[in-house]
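Working notes, beginning with the structure itself.
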Amino acid sequence: MIRYDSKTALIVVDVQNDFADTDGGLYVPSGEDVIPVVNREIERARQAGALVVYTQDWHPERTPHFATDGGVWPVHCVADTWGAGFHPDLIVDGPVVRKGTGGEDGYSGFTIRDPATGEERATELSGLLRQRGVTSVVIVGLALDYCVKATALDAARAQLRTSVLADGTRAVDLRQGDGERARVELAAAGVTVV
Ligand code: VGL
Ligand code: ZN
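First residue of the sequence shown? That's 2 in the numbering used here, and the numbers climb one at a time after it.
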């Protein structure tokens, strides 16, 4: 069981309708199953005085992130739509970082990347963590092989002690085995997959 304290933050990645509802635009198989696990972690973290921070994938209607504009993904998490909203069963109690708002690929909660130029920019997430003196992060949410993986790799690169709670994530598995490969990649980068 993961322990929380005031120097640990729980990062809840993209538990949004489009990923976690069977009617969502980019439904992650069994995505809804993470919600009770994630809620339990949120409650444990809050009890320990740990920061809980949420990310939201938040795209404009047209972006090269979407297949309709040359990307790979079906339309999902368009700003201010039902699909972009948090799943109604998720406990939301902490700051929210939105990524992709300017049409960028926003896989990591820490950085966004211009799909045309490849240029990367930081979101406000690392500042939020630094302000609180956070040295360890626990990451849960959707999807393991994209946003959770990218967020965890960036956290480890930023010298944070980084854990991913596997039971609190699910993979898109665009190609079979992506979730499993993500776990291997995370472990190789020094991330503890619990
Ligand atoms: C995600 C694909 C496209 C994710 C976001 O949240 O993992 N995956 N956009
Ligand atoms: Zn997206």
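Idealized CB from N, CA, C, for every residue including glycine.
Since we're looking at a predicted model, the values are computed, not measured.
Exercise for the section: Could you please give the first and the last residue of the uninterrupted alpha helix (DSSP H) stretch that includes Ser127? Expected result: 126–132
Handout entry: Closer than 5 Å to the ligand VGL: residues, by C-beta to nearest heavy atom, in chain order
Key = Asp15, Asp58, Trp74, Ala144, Tyr147, Cys148
Exercise for the section: Run through the region 42–129 for me and flag every whole beta strand (DSSP E) of 3 or more residues, listed as ranges in chain order. Expected result: 52–58, 97–100, 112–114, 121–123
Practice task
In the DSSP assignment, find the unbroken beta strand (DSSP E) run with Leu143 in it and report its ends.
Solution key: 137–143
Problem - DSSP three-state assignment for Ala157, whether helix, strand or coil - result: helix
Handout entry: Proximal residues to Asn18 (C-beta, below 7 Å), its chain only, five neighbours per side dropped
Key = Gly25, Trp83, Gly84, Gly86, His88
Practice task
On the DSSP bridge assignment, give the partners of Ile36 in chain order.
Solution key: DSSP, once it has assigned bridges, lists no residue as partnering Ile36.
Exercise for the section: Look at the Cβ atom of Thr56, then the Cβ atom of Gly104, and state whether they are nearer than 7 Å. Expected result: no
Problem - Rounded straight-line distance, which links the Cα of Arg4 to that of Val135 - result: 14 Å
Exercise for the section: List the residues that DSSP assigns as beta-bridge partners of Ala10. Expected result: Leu52, Val138
Practice task
Could you spell out the range, first to last residue, of the beta strand (DSSP E) harbouring Ala172?
Solution key: Per DSSP, Ala172 belongs to no beta strand (DSSP E) and is neither H nor E.
Exercise for the section: Please report the Cβ distance between Ile36 and Asp94, rounded to the nearest whole angstrom; I am assuming they are in contact, meaning their Cβ atoms lie under 8 Å. Expected result: The Cβ separation is near 14 Å, so there is no contact.
Exercise for the section: May I ask which residues mark the beginning and end of the alpha helix (DSSP H) holding Gly180? Expected result: 179–189
Problem - Residues that Val195 bridges to, as DSSP identifies them - result: BP columns for Val195 are empty, so no partner.
Problem - Distance between beta carbons of Asp146 and Val173, contact taken as under 8 Å - result: 6 Å
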